[in-house]
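Student: Take this structure, written in structure tokens, and hold onto it; I'll ask about it next.
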Amino acid sequence: MRTIASLIALAIATPAAAQTLAVTHAEAWTMEGAEPVKDATIVIENGRIVSVTAAGGVPPGATVIDARGKPVTPGLVNGATQIGLVEVSGSPDTRDDASTDERVPGYDPSRALNGNSTLVSLSRADGITRALIYPSPSRHAPTSGEPVFARLRDGVDILDRGGVALYAVIGGGAWERLGARAQQWAALRKLLGETKRGMAPPESEKKKDKRGGGPGPGGPRGGPDDTIRDVVAGKLPLAIQTHRESDIRQAAALASDLGIKVIIVGGTEAWRAADVLSVAKVAVILDPQVNLPFNFDQLGARQDNAAILTKAGVQVAIGQAGGAIHANYNAGMGLREGAGIAVANGLPYIEALRAVTVNPLAIWGRGGGALTPGADADLVVWDGDPLEPSTNAMNVIVEGRQVSNRSRQDLLAERYKDAR
Amino acid sequence: MTRAMLFGSIAAGALALAGPAGAQRAAPLPWQEDPFPSRYQAPLAEDMLLKGATILDGAGGRVDGGDVLIRGGKIVAVGRGLANPGVREVDASGRWITPGVIDVHSHDGTFVLPLTAIDREASDVSETSAPNVADTWVETAVNAQDMGFDRALSAGVTTIQILPGSTPIFAGRSVVVKPVRGATVWDMKAAGNVQGFKMACGENPKSWGADDDNEGPTSRQGVISYMRQAFLDAQRYKRAVEQGRAGTGAMPPRDLKLEALAGILAGDIRVNLHCYRAGDIAAMLSIAKEFGFRIGAVHHATEAYKIPGLLREAGTCAAVWADWWGFKMEAQDGVRAEAPMLERAGVCVMMHSDSPADGQRLNIAAAKAAAAGRRIGIDIPPERMIKWTTSNPAKLLGMDKRIGTLAPGYQADVVLWSGNPFSVYSKADLVLIDGAVVRDRSKPPADPVSDFEIGRAGAGR
Chain A
1005 MRTIASLIAL
1015 AIATPAAAQT
1025 LAVTHAEAWT
1035 MEGAEPVKDA
1045 TIVIENGRIV
1055 SVTAAGGVPP
1065 GATVIDARGK
1075 PVTPGLVNGA
1085 TQIGLVEVSG
1095 SPDTRDDAST
1105 DERVPGYDPS
1115 RALNGNSTLV
1125 SLSRADGITR
1135 ALIYPSPSRH
1145 APTSGEPVFA
1155 RLRDGVDILD
1165 RGGVALYAVI
1175 GGGAWERLGA
1185 RAQQWAALRK
1195 LLGETKRGMA
1205 PPESEKKKDK
1215 RGGGPGPGGP
1225 RGGPDDTIRD
1235 VVAGKLPLAI
1245 QTHRESDIRQ
1255 AAALASDLGI
1265 KVIIVGGTEA
1275 WRAADVLSVA
1285 KVAVILDPQV
1295 NLPFNFDQLG
1305 ARQDNAAILT
1315 KAGVQVAIGQ
1325 AGGAIHANYN
1335 AGMGLREGAG
1345 IAVANGLPYI
1355 EALRAVTVNP
1365 LAIWGRGGGA
1375 LTPGADADLV
1385 VWDGDPLEPS
1395 TNAMNVIVEG
1405 RQVSNRSRQD
1415 LLAERYKDAR
Chain B
956 MTRAMLFGSI
966 AAGALALAGP
976 AGAQRAAPLP
986 WQEDPFPSRY
996 QAPLAEDMLL
1006 KGATILDGAG
1016 GRVDGGDVLI
1026 RGGKIVAVGR
1036 GLANPGVREV
1046 DASGRWITPG
1056 VIDVHSHDGT
1066 FVLPLTAIDR
1076 EASDVSETSA
1086 PNVADTWVET
1096 AVNAQDMGFD
1106 RALSAGVTTI
1116 QILPGSTPIF
1126 AGRSVVVKPV
1136 RGATVWDMKA
1146 AGNVQGFKMA
1156 CGENPKSWGA
1166 DDDNEGPTSR
1176 QGVISYMRQA
1186 FLDAQRYKRA
1196 VEQGRAGTGA
1206 MPPRDLKLEA
1216 LAGILAGDIR
1226 VNLHCYRAGD
1236 IAAMLSIAKE
1246 FGFRIGAVHH
1256 ATEAYKIPGL
1266 LREAGTCAAV
1276 WADWWGFKME
1286 AQDGVRAEAP
1296 MLERAGVCVM
1306 MHSDSPADGQ
1316 RLNIAAAKAA
1326 AAGRRIGIDI
1336 PPERMIKWTT
1346 SNPAKLLGMD
1356 KRIGTLAPGY
1366 QADVVLWSGN
1376 PFSVYSKADL
1386 VLIDGAVVRD
1396 RSKPPADPVS
1406 DFEIGRAGAG
1416 R
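Residue numbers (the numbering used here), protein chains in the order written: chain A, 1005 to 1424; chain B, 956 to 1416.
In structure tokens, the structure reads:
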């Protein structure tokens, strides 16, 4: 068995641009069908997947990674986490997750993302290659800001795409910021309604509304106002972090009333509104580990939430998995454990894999994530079932390059492993 | 009532016998008394023979295709091809049997979900009016209707130590419970354990002391010196009590705080120490040596892997997470591989939860730790991993002759798992406490429902 250290040396020694990789003898979960391709050869060139072929050949000069019959999946995607924004959560000076500016409704975390964070390297070592990073509640409730996609390549620059949605938080416990939940819904509807009215001015006034860069297709993005306009126009989703059944039904009604795309984040009681969510095409990003209510909004917490929603035709992804600590500090392990728990509670295995690969990318409007020719080569070679917490990620490949899968924890453990 | 009182006096007597002070066997010393006796009565036990399972006995042994015979609430035999003496037979082939999981670090009943603004205003997790609340008994705050107990039971947890929190330096006495439904905590309170106690060092107590509104030390060195002074006072108090008992001096007036600390010095009360950094742990082990007591376990102990020798020599266990790290400065160096590293170094190590969520998956925590161990070349087999959630925590609670191991004479706290207990897909099919079936997944509704949960949105899970 090759050691982790020699794999890192390999990755460093290989020229970046023209790297050709071949993963051989893989049980390849391409996410195209419900079954893996056995004994697959996955050929990767210039950051993209060239082919996935049963018993396929290896191109000359390719660096070979022998998967030895073990599972290979697309790089896992965390549907909602804050890695790269949070370092020591108990110490606010190491956090960049929230805006404290009361004047603007937005917070764009893309300029704060830190690929050198120890939380990032650990989640990469656990097989995460992309993650949706969301802001915490701002002083401009109920909106928090604009989530971004991170791509966990080596190095500090992990921004994949900014401004992928507008993020809002609604529910009990928010009384210090805005008041009871009816006020929160009213504020959100007012924000969207005013934006909508502002977007459809009389023909003669159209030219005046150019402040902030404008929402035109392909034009430069100007900040939160643009994001809100894109949400109202149905181009970007509105993510609403909320848990109680009544709020989830409000969210579905909002989607229908305004004709906008809505995502539920959290959604502890979403299973109770599965039919409505399915009709309104509202997707849910949830934590399958939850079976206890942290507050009164979550009384209906149950671990078959994902199974019930999926069966009802609701698109499900996994995020915020494991609650306060694990959601960020184990953004990889918590995600995998959550998916495993969902399977243990009735979610079909392939659906659980989708919920941590293609689904979060589709829900957040990013797309891709399958192991198909032409797709971005983000994939992971495992030493067992990726949904078992006892499994290790052996090789992590991001954009066609092997990246470090050694975390600071690995270095500390190695330093002290012979301490007596 | 008579029965309960009788039970209480028996329990107090057992404590006195267990104490090292042989000369005072007649009456318990003040710190040995239990003003809140257990009313726990084991549910009706069911004799049964579990056939053909993979058995991890909790003490390091493994039997493939093995049987477990349970009669009168006790384990009678463990082995292959046991003859059925005419009891209910359960086909356990393809399934796994382990002792019931023991969680030595829970706040169930005081960190009661759902949390509300009332908890934020004044929580029952710890009494925080002073850095020394050694006089408190957390059981007097425990809400037996916490659904955390039900979730734990359904996940194969059969014994739970509820500790007070880590804000005070001397946080008070713990209670050990069985997670069965009862109207009060005393219907759940276990018998036969050593009385536990909670202490804390590091960031939590010093940060609280640093708050302008509170009294108490504001630094690590302040916390340590506060502890030494308190133990000096307790030493004097203990000597006075002993002289009073021997008739060689006046009995001092009762002092509930000093009593508890004197009980620690006497070895009757066992310290569960919240501590993260290697230096903090080492300083605490020095204090224990100075005052002649043994710390039962260092909890959290995120840097214990750096100083395994100190723990081994002190006979102090480590109660650890698999993967809580990073959220504060003293938790920066937490590593998932800690449990296998400590196991290999010969330290008594166990998984603990500090969380009603993670407490449902202590075996999965062990699985994560073992996987991280493999990354640095340490391979711990399942029959040793299971010690981290069964016999080692039983040792800390002083119950290792009663629970935590599948062997003849042990109480039948047993879990029949649907598969490998370290797999995320496995479930507790059958949970036995004292030989009684307290959960049977094949007979819905399998999960217990608390008074809080009944009739609310979550009911009928």
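For every residue, glycine included, the Cβ atom is placed at its ideal position computed from N, Cα and C.
Return the chain-ordered list of same chain residues with a C-beta closer than 8 Å to the C-beta of residue 1091 of chain A, the five sequence neighbours on each side being excluded.
Tutor: Residue numbering aside, residue 1091 of chain A sits at position 87 when the first sequence is read from its first letter. Only 1098, 1099, 1118, 1121, 1122 and 1123 meet the Cβ criterion.
Student: By how many angstroms is the C-alpha of residue 1361 of chain B removed from the C-alpha of residue 1009 of chain B?
Tutor: For the purposes of this step, residue 1009 of chain B is taken as the residue at position 54 of the second sequence. For the purposes of this step, residue 1361 of chain B is taken as the residue at position 406 of the second sequence. Residue 1009 of chain B and residue 1361 of chain B: Cα-Cα distance of roughly 12 Å.
Student: Between which residues of its own chain and residue 1083 of chain B is the CB-CB distance below 6 Å, once the five residues before and five after are set aside?
Tutor: For the purposes of this step, residue 1083 of chain B is taken as residue 128 along the second sequence, with counting starting at 1. Around residue 1083 of chain B: 1122.
Student: Provide the residue(s) that pair with residue 1044 of chain B in DSSP beta bridges, ordered along the chain.
Tutor: Along the second sequence, one-based indexing puts residue 1044 of chain B at 89. DSSP output for residue 1044 of chain B lists B:1004 as bridge partner(s).
Student: Does any CB atom of chain A fall closer than 7 Å to the CB of residue 1415 of chain B?
Tutor: Taking the first residue of the second sequence as 1, we reach residue 1415 of chain B at position 460. Residue confidence is low: residue 1415 of chain B scores 46 on pLDDT, short of 50, so the model does not pin down where it sits. Its coordinate-derived value is still stated next. So no, residue 1415 of chain B is outside the interface.
Student: Does residue 1351 of chain A have its Cβ less than 7 Å from a Cβ in chain B?
Tutor: Position 347 of the first sequence, counting from 1, holds the residue named residue 1351 of chain A. Taking Cβ atoms only, chain B never reaches closer than 7 Å to residue 1351 of chain A, which makes this a no.
Student: Residue 1284 of chain B versus chain A: which residues are under 8 Å apart at the beta carbon?
Tutor: Translated into positions along the second sequence, residue 1284 of chain B becomes position 329. Simply 1092, 1094 and 1095.
Student: What are the residues that DSSP puts in a beta bridge with residue 1051 of chain B?
Tutor: Counting from 1 along the second sequence, the entry for residue 1051 of chain B is found at position 96. Answer is B:1009 and B:1372, bridged to residue 1051 of chain B.
Student: I'd like the list of long-range same chain contacts for residue 1346 of chain A, defined as Cβ closer than 6 Å, with 5 residues on each side in sequence excluded.
Tutor: Working through the first sequence from its first residue, we reach residue 1346 of chain A at position 342. Once the five neighbours on either side are set aside, the close Cβ partners of residue 1346 of chain A are 1292, 1310 and 1356.
Student: In the DSSP assignment, find the beta strand (DSSP E) that holds residue 1186 of chain B and state where it starts and stops.
Tutor: Locating residue 1186 of chain B in the second sequence gives position 231, counting from the first residue. Segment 1175 to 1201 is the alpha helix (DSSP H) holding residue 1186 of chain B; no beta strand (DSSP E) there.
Student: Give the DSSP bridge partners of residue 1152 of chain B, in chain order.
Tutor: In the second sequence, residue 1152 of chain B corresponds to position 197, counting from 1. According to DSSP, residue 1152 of chain B bridges with B:1128 and B:1226.
Student: If we call anything under 7 Å between Cβ atoms a contact, is residue 1269 of chain A one with residue 1289 of chain A?
Tutor: By one-based count along the first sequence, residue 1269 of chain A stands at place 265. By one-based count along the first sequence, residue 1289 of chain A stands at place 285. Their beta carbons are under 7 Å apart, which means residue 1269 of chain A touches residue 1289 of chain A by this criterion.
Student: Could you tell me which residues DSSP pairs with residue 1250 of chain B in its beta bridges?
Tutor: To locate residue 1250 of chain B, count along the second sequence from 1; it is residue 295. Residue 1250 of chain B pairs with B:1226.
Student: Just the chain B side, please: which residues come within less than 7 Å of residue 1295 of chain A by C-beta, in chain order?
Tutor: Numbered from 1 along the first sequence, position 291 holds the residue referred to as residue 1295 of chain A. The answer, in chain order, is 1106.
Student: Short of 9 Å Cβ to Cβ, which residues in the stretch 1311 to 1333 of chain A face chain B?
Tutor: Those would be 1326, 1327, 1328, 1329, 1330, 1332 and 1333, in chain order.
Student: For the stretch 1377 to 1390 of chain B, which residues have a CB atom closer than 9 Å to at least one CB atom of chain D, in sequence order?
Tutor: Of the protein chains in this structure, namely A and B, none is chain D.
Student: Take the Cβ of residue 996 of chain B as the centre, count every other Cβ of all protein chains shown within 10 Å, and call the residue buried at 16 or more, exposed below.
Tutor: Taking the second sequence and counting its residues from 1, the one referred to as residue 996 of chain B is at position 41. Label assigned to residue 996 of chain B: exposed.
Student: Taking Cβ-Cβ distances below 7 Å as the criterion, which residues of the stretch 1056 to 1086 of chain A are in contact with chain B?
Tutor: Against chain B - using a Cβ distance shorter than 7 Å - the stretch 1056 to 1086 of chain A contributes no residues.
Student: In the stretch 1361 to 1411 of chain A, which residue ranges form an unbroken alpha helix (DSSP H) of at least 4 residues, counting only runs that do not cross its ends?
Tutor: As far as the stretch 1361 to 1411 of chain A is concerned, its whole alpha helix (DSSP H) runs of at least 4 residues are 1362 to 1367.
Student: Give the secondary structure of residue 1217 of chain A by DSSP, where H, G and I count as helix, E and B as strand, and everything else as coil.
Tutor: For the purposes of this step, residue 1217 of chain A is taken as residue 213 along the first sequence, with counting starting at 1. Reliability of the predicted coordinates at residue 1217 of chain A is poor, the pLDDT of 37 falling under 50, and the value obtained from them is presented with this limitation in mind. DSSP places residue 1217 of chain A in helix when its eight states are reduced to three.
Student: Per DSSP, residue 1231 of chain B is paired with what?
Tutor: Taking the first residue of the second sequence as position 1, residue 1231 of chain B is located at position 276. None; residue 1231 of chain B has no bridge partner.
Student: Roughly how many angstroms lie between the CA atoms of residue 1201 of chain A and residue 1165 of chain A, to the nearest whole one?
Tutor: Stepping through the first sequence from its first residue, residue 1201 of chain A is reached at position 197. Stepping through the first sequence from its first residue, residue 1165 of chain A is reached at position 161. Cα to Cα, the separation comes out at about 28 Å.
Student: Secondary structure at residue 1042 of chain A, three-state DSSP: helix, strand or coil?
Tutor: Here residue 1042 of chain A corresponds to residue number 38 of the first sequence, with the count starting at 1. Correct three-state label for residue 1042 of chain A: strand.
Student: Thinking residue 1214 of chain B and residue 1259 of chain B are a contact (beta carbons under 8 Å), I'd like their distance in whole angstroms, please.
Tutor: Here residue 1214 of chain B is taken as the residue at index 259 of the second sequence, counted from 1. Here residue 1259 of chain B is taken as the residue at index 304 of the second sequence, counted from 1. With 8 Å as the limit, residue 1214 of chain B and residue 1259 of chain B do not qualify as a contact, their Cβ atoms being about 30 Å apart.
Student: Are there 16 or more other CB atoms within 10 angstroms of the CB of residue 1048 of chain B, so buried, or fewer, so exposed?
Tutor: Here residue 1048 of chain B is taken as the residue at index 93 of the second sequence, counted from 1. Flag for residue 1048 of chain B reads exposed.
Student: Using a threshold of 7 Å, state whether the C-beta atoms of residue 1339 of chain A and residue 1362 of chain A are closer than that.
Tutor: Taking the first residue of the first sequence as position 1, residue 1339 of chain A is located at position 335. Taking the first residue of the first sequence as position 1, residue 1362 of chain A is located at position 358. No.
Student: Quick check: what's the CA-CA separation for residue 1153 of chain A versus residue 1365 of chain A?
Tutor: Position 149 of the first sequence, counting from 1, holds the residue named residue 1153 of chain A. Position 361 of the first sequence, counting from 1, holds the residue named residue 1365 of chain A. Taking the straight line joining both Cα atoms gives about 9 Å.
Student: When the Cα of residue 1347 of chain B is compared with those of B:1162, B:1271, B:1314 and B:1141, which residue comes out closest?
Tutor: Locating residue 1347 of chain B in the second sequence gives position 392, counting from the first residue. The residue with the shortest Cα to Cα distance from residue 1347 of chain B is B:1271.
Student: With DSSP run on the structure shown, which of helix, strand or coil describes residue 1300 of chain A?
Tutor: Working through the first sequence from its first residue, we reach residue 1300 of chain A at position 296. DSSP places residue 1300 of chain A in helix when its eight states are reduced to three.
Student: Give the single residue among B:1392, B:1060, B:1106 and B:1037 whose Cα lies nearest to the Cα of residue 1296 of chain A.
Tutor: Locating residue 1296 of chain A in the first sequence gives position 292, counting from the first residue. Of the candidates B:1392, B:1060, B:1106 and B:1037, the one whose C-alpha sits nearest the C-alpha of residue 1296 of chain A is B:1106.
Student: For residue 1353 of chain A, does the three-state DSSP call read helix, strand or coil?
Tutor: Here residue 1353 of chain A is taken as the residue at index 349 of the first sequence, counted from 1. Looking at residue 1353 of chain A - three-state DSSP - the assignment turns out to be helix.
Student: Hey, does residue 978 of chain B have any beta-carbon neighbour from chain A nearer than 7 Å?
Tutor: Locating residue 978 of chain B in the second sequence gives position 23, where the first residue counts as 1. Since pLDDT at residue 978 of chain B reaches only 46, below the 50 mark, its modelled position is unreliable, and the value read off the structure follows with that caveat. Cβ-Cβ to chain A under 7 Å: no for residue 978 of chain B.
Student: Does the stretch 1358 to 1374 of chain B come close enough to the stretch 1050 to 1066 of chain B to have 3 or more Cβ pairs within less than 8 Å?
Tutor: The stretch 1358 to 1374 of chain B vs the stretch 1050 to 1066 of chain B: in contact.
Student: I need the boundaries of the alpha helix (DSSP H) containing residue 1295 of chain B, first residue and last residue.
Tutor: Locating residue 1295 of chain B in the second sequence gives position 340, counting from the first residue. Residues 1293 to 1299.
Student: How many Å lie between residue 1399 of chain A and residue 1048 of chain A at the Cα?
Tutor: Numbered from its first residue, the first sequence carries residue 1399 of chain A at position 395. Numbered from its first residue, the first sequence carries residue 1048 of chain A at position 44. The alpha-carbon atoms of residue 1399 of chain A and residue 1048 of chain A are separated by roughly 14 Å.
Student: Strictly under 7 Å for the Cβ-Cβ distance: is residue 1281 of chain B near chain A by that measure?
Tutor: Within the second sequence, numbered from 1, the residue matching residue 1281 of chain B stands at position 326. Yes - at least one Cβ of chain A is within 7 Å of the one on residue 1281 of chain B.
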